[in-house]
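A.B. asks: Got a structure for you, written out below as structure tokens; questions coming shortly.
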């Protein structure tokens with residue numbers, strides 16, 4: 004179950020990284036496309052205005068004779084041009100290609116100012132809709148447009164180009180402003196925003212889906228290889244259990260006749276028996292790990308009283324030789340029985356491994372303290388020792404299978420036998436199967452503290468009582 008969760012998390016991480024990297028690339032590409040299109044559209048607007056303004060400039064300067072005065076030839080050149088001090092006679096229809104036709108369509112407008120800034124004539128936008136004072140160069144401004152067919156108002160932007168006109172003899176005549184509505188430009192930008200705004204999340208969803216599939220395909224061979232290795236470990240452990248048991252039984256049978264053997268043979272038999280027991284323990288650990296890996300859900304889950312379980316485990320370990328020269332104590336910091344839902348045999352194995360590990364790396368005269376407490380809706384078991392401690396670099400791998408700190412050095416406790424490096428790995432696998440956590444805090448020569456946390460749906464209330472139906476309801480849920 005833990006392995007499946009690990010592979011699933013790895014697949015999620017791979018898909019997330021793939022989607023994240025592709026999302027950043029797409030986002031940068033989207034910003035680049037946005038910048039390129041907006042710049043091109045803006046440049047196109049200015050080029051159109053420059054072309055129209057240049058054409059009008061060349062046509063009008065040949066007709067201007069006196070500064071600030073519009074000769075009759077100018078209104079003839081621009082039909083529909085309104086003089087400020089005269090009634091405006093608007094031409095009903097004009098060619099779309101003519102400046103008047105473009106003005107009627109609301110695309111372009113034209114304004115004339117004298118050298119003092121007084122408006123002389125206009126075409127397109129009325130003076131009330133054009134608040135910009137005559138300036139030379141480029142300007143952008145906006146106004147509220149009241150739609151005639153609805154009560155809604157729309158903010159329109161305009162881009163205009165101001166040119167100084169000169170008379171035929173080269174004297175400054177005034178200012179001509181040619182402008183264009185940016186409504187079409189803004190509409191295209193809004194459409195582009197919608198396309199990018201909807202396209203990027205859609206692309207991210209498709210990329211995430213594709214990343215999930217590609218991560219699954221990439222991890223498929225790894226998962227199959229792990230399953231083969233897992234199956235091999237399980238099969239090998241099963242195959243080794245019978246000959247190991249037979250070997251151990253034979254050695255024990257022969258050891259009963261030690262009186263007839265020489266001291267050298269007795270030493271050899273003792274070594275064979277010790278190594279056989281170690282091999283049997285290793286096979287048993289491998290079988291347990293194989294079962295934990297293949298277990299899809301917690302088996303034989305039932306209410307487990309941690310108070311009683313810890314008392315039994317500590318009592319059973321305290322009589323062992325490994326605990327003879329140490330002070331092993333149990334502190335129950337809960338007033339009432341503390342229950343968790345789980346497999347009592349597996350939890351007992353995890354707790355035993357943690358306590359035996361603490362005893363193994365604590366020198367004679369040291370102390371190992373087991374504490375049971377309640378934190379929020381969790382049951383907490385701490386195993387504290389005054390042993391040799393664990394280096395920070397080793398703490399990251401202490402729960403790996405077959406990993407041992409200072410493998411070639413003897414244990415701090417002379418009564419402890421060499422381990423296999425599976426005890427803490429088994430404890431962590433059991434804790435994770437129970438939806439709990441197992442952490443370590445340690446410092447060299449200052450001891451270690453292993454903290455086990457398990458969900459406690461039937462924890463006692465602050466008053467110290469558990470309602471009778473709590474345990475059964477927790478099991479059924």
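In our numbering, the protein residues as written are 4 to 480.
Ideal placement from N, C-alpha and C gives every residue a C-beta, glycine not left out.
Every value quoted in this text rests on a predicted model; they were computed, and no experiment measured them.
Which partner residues does residue 305 have in the DSSP bridge list?
C.D. replies: Translated into the one-based positions of the chain shown, residue 305 becomes position 302. 345.
A.B. asks: Counting C-beta neighbours from all protein chains within 10 Å, is the total for residue 22 16 or more, i.e. buried, or is it exposed?
C.D. replies: As a first step, residue 22 is located in the chain shown; it is residue number 19 there, counting from the start. Classification of residue 22: buried, given that the 10 Å Cβ count is 16 or more.
A.B. asks: Once DSSP output is grouped into helix, strand and coil, what is the label at residue 84?
C.D. replies: Numbered from 1 along the chain shown, position 81 holds the residue referred to as residue 84. Residue 84: coil per DSSP, three-state reduction.
A.B. asks: According to the Cβ coordinates, are residue 433 and residue 353 closer than 7 angstroms?
C.D. replies: On the chain shown, residue 433 is found 430 positions in, with the first residue counted as 1. On the chain shown, residue 353 is found 350 positions in, with the first residue counted as 1. Cβ distance < 7 angstroms, so residue 433 and residue 353 count as in contact.
A.B. asks: Go ahead and pull the three-state DSSP assignment for residue 388.
C.D. replies: Locating residue 388 in the chain shown gives position 385, counting from the first residue. Looking at residue 388 - three-state DSSP - the assignment turns out to be strand.
A.B. asks: What are the boundary residues of the beta strand (DSSP E) that includes residue 377?
C.D. replies: As a first step, residue 377 is located in the chain shown; it is residue number 374 there, counting from the start. Residue 377 -> beta strand (DSSP E) spans 370 to 378.
A.B. asks: Roughly how far, in whole angstroms, is the beta-carbon of residue 168 from the beta-carbon of residue 176, given that I think they are within contact range, below 8 angstroms?
C.D. replies: Within the chain shown, residue 168 is the residue found at index 165, counting from 1. Within the chain shown, residue 176 is the residue found at index 173, counting from 1. The Cβ separation is near 4 angstroms, so the contact holds.
A.B. asks: From residue 483 to residue 283, what does the alpha carbon distance come to, in whole angstroms?
C.D. replies: For residue 483 there is no data in the structure shown, the boundaries of the chain being 4 and 480.
A.B. asks: Which same chain residues, not among the five before or five after residue 9, have their C-beta less than 7 angstroms away from its C-beta?
C.D. replies: Numbered from its first residue, the chain shown carries residue 9 at position 6. Closer than 7 angstroms at the Cβ level, and outside the excluded window around residue 9, lies no residue.
A.B. asks: Just curious, the beta strand (DSSP E) that residue 175 is in, first and last residue?
C.D. replies: What you label residue 175 is simply residue 172 of the chain shown in a count that begins at 1. Segment 175 to 184, the beta strand (DSSP E) holding residue 175.
A.B. asks: Is the region 327 to 341 touching the region 275 to 294, taking contact as three or more C-beta pairs under 8 angstroms?
C.D. replies: Verdict: no, contact absent.
A.B. asks: Over what stretch of residues does the alpha helix (DSSP H) that includes residue 396 continue unbroken?
C.D. replies: Translated into positions along the chain shown, residue 396 becomes position 393. Run containing residue 396: 395 to 398, per the alpha helix (DSSP H) assignment.
A.B. asks: In the DSSP assignment, the alpha helix (DSSP H) including residue 432 goes from what residue to what residue?
C.D. replies: As a working note, residue 432 is residue 429 in the chain shown. Unbroken alpha helix (DSSP H) run through residue 432: 426 to 436.
A.B. asks: Report the option in 397, 39 and 363 whose CA atom is closest to the CA atom of residue 388.
C.D. replies: Taking the first residue of the chain shown as position 1, residue 388 is located at position 385. Measuring from the Cα of residue 388, the nearest candidate turns out to be 363.
A.B. asks: Per the DSSP calculation, residue 160 is bridged to which residue(s)?
C.D. replies: Within the chain shown, residue 160 is the residue found at index 157, counting from 1. 145.
A.B. asks: Using 8 angstroms as the Cβ pair cut-off and three pairs as the minimum, do the region 264 to 271 and the region 218 to 230 touch?
C.D. replies: They do not touch, by the three-pair rule.
A.B. asks: For residue 18 versus residue 218, is the C-beta spacing smaller than 7 angstroms?
C.D. replies: As a first step, residue 18 must be located in the chain shown, where it is residue number 15. As a first step, residue 218 must be located in the chain shown, where it is residue number 215. Closer than 7 angstroms, so yes.
A.B. asks: Under 7 angstroms, do residue 402 and residue 425 count as touching if we go by C-beta distance?
C.D. replies: Here residue 402 refers to the residue found at position 399 of the chain shown. Here residue 425 refers to the residue found at position 422 of the chain shown. No, the pair does not count as a contact, with Cβ atoms beyond the cut-off.
A.B. asks: In chain order, what residues of the same chain have a beta carbon less than 8 angstroms from the beta carbon of residue 447, not counting five sequence neighbours either side?
C.D. replies: Taking the first residue of the chain shown as position 1, residue 447 is located at position 444. Same-chain partners within the cutoff: 391, 392, 393 and 394.
A.B. asks: Kindly identify the DSSP beta-bridge partner or partners of residue 334.
C.D. replies: Numbered from 1 along the chain shown, position 331 holds the residue referred to as residue 334. According to DSSP, which records beta bridges pairwise, residue 334 is partnered with 374.
A.B. asks: Can you tell me the Cα-Cα spacing of residue 407 and residue 400, whole angstroms?
C.D. replies: To locate residue 407, count along the chain shown from 1; it is residue 404. To locate residue 400, count along the chain shown from 1; it is residue 397. Approximately 9 angstroms, taken between the alpha carbons.
A.B. asks: Have a look at residue 212 and residue 204 and give me their C-alpha separation to the nearest angstrom.
C.D. replies: Looking up residue 212 in the chain shown gives position 209. Looking up residue 204 in the chain shown gives position 201. Approximately 12 angstroms between the Cα atoms of the pair.
A.B. asks: Under the three-state reduction of DSSP, which class applies to residue 96: helix, strand or coil?
C.D. replies: To locate residue 96, count along the chain shown from 1; it is residue 93. Summary for residue 96: the model assigns pLDDT 47, below 50, so the residue's position carries little reliability; its value from the coordinates is reported in the next sentence. Correct three-state label for residue 96: coil.
A.B. asks: Taking only the alpha-carbon atoms, compute the straight-line gap between residue 115 and residue 33 and give it to the nearest angstrom.
C.D. replies: Along the chain shown, one-based indexing puts residue 115 at 112. Along the chain shown, one-based indexing puts residue 33 at 30. Distance between the alpha carbons of residue 115 and residue 33 is about 42 angstroms.
A.B. asks: Is it right to say residue 47 is buried, meaning 16 or more other beta carbons lie within 10 angstroms of its own, or is it exposed?
C.D. replies: Reading the chain shown from its first residue, position 44 is the one you call residue 47. Label assigned to residue 47: exposed.
A.B. asks: If we ignore side chains and look at the alpha-carbon of each, how far apart do residue 351 and residue 431 end up?
C.D. replies: For the purposes of this step, residue 351 is identified with residue 348 of the chain shown, where counting begins at 1. For the purposes of this step, residue 431 is identified with residue 428 of the chain shown, where counting begins at 1. Computed Cα separation, rounded: 13 angstroms.
A.B. asks: Taking the alpha carbon of residue 309 as the reference point, which residue from 322, 281, 341 and 288 has its own alpha carbon closest?
C.D. replies: By 1-based counting over the chain shown, the position of residue 309 is 306. The residue with the shortest Cα to Cα distance from residue 309 is 341.
A.B. asks: Determine, using beta carbons only, whether residue 182 and residue 161 come nearer to each other than 7 angstroms.
C.D. replies: What you label residue 182 is simply residue 179 of the chain shown in a count that begins at 1. What you label residue 161 is simply residue 158 of the chain shown in a count that begins at 1. Going by C-beta atoms, residue 182 is nearer than 7 angstroms to residue 161.
A.B. asks: Mind checking residue 278: buried by the 16 CB within 10 Å criterion, or exposed?
C.D. replies: In the chain shown, residue 278 corresponds to position 275, counting from 1. Exposed, because fewer than 16 other Cβ atoms sit within 10 Å of the Cβ of residue 278.
A.B. asks: Quick one: Cα of residue 215 to Cα of residue 208, how far?
C.D. replies: Along the chain shown, one-based indexing puts residue 215 at 212. Along the chain shown, one-based indexing puts residue 208 at 205. Rounded to the nearest angstrom, the two C-alpha atoms are 10 angstroms apart.
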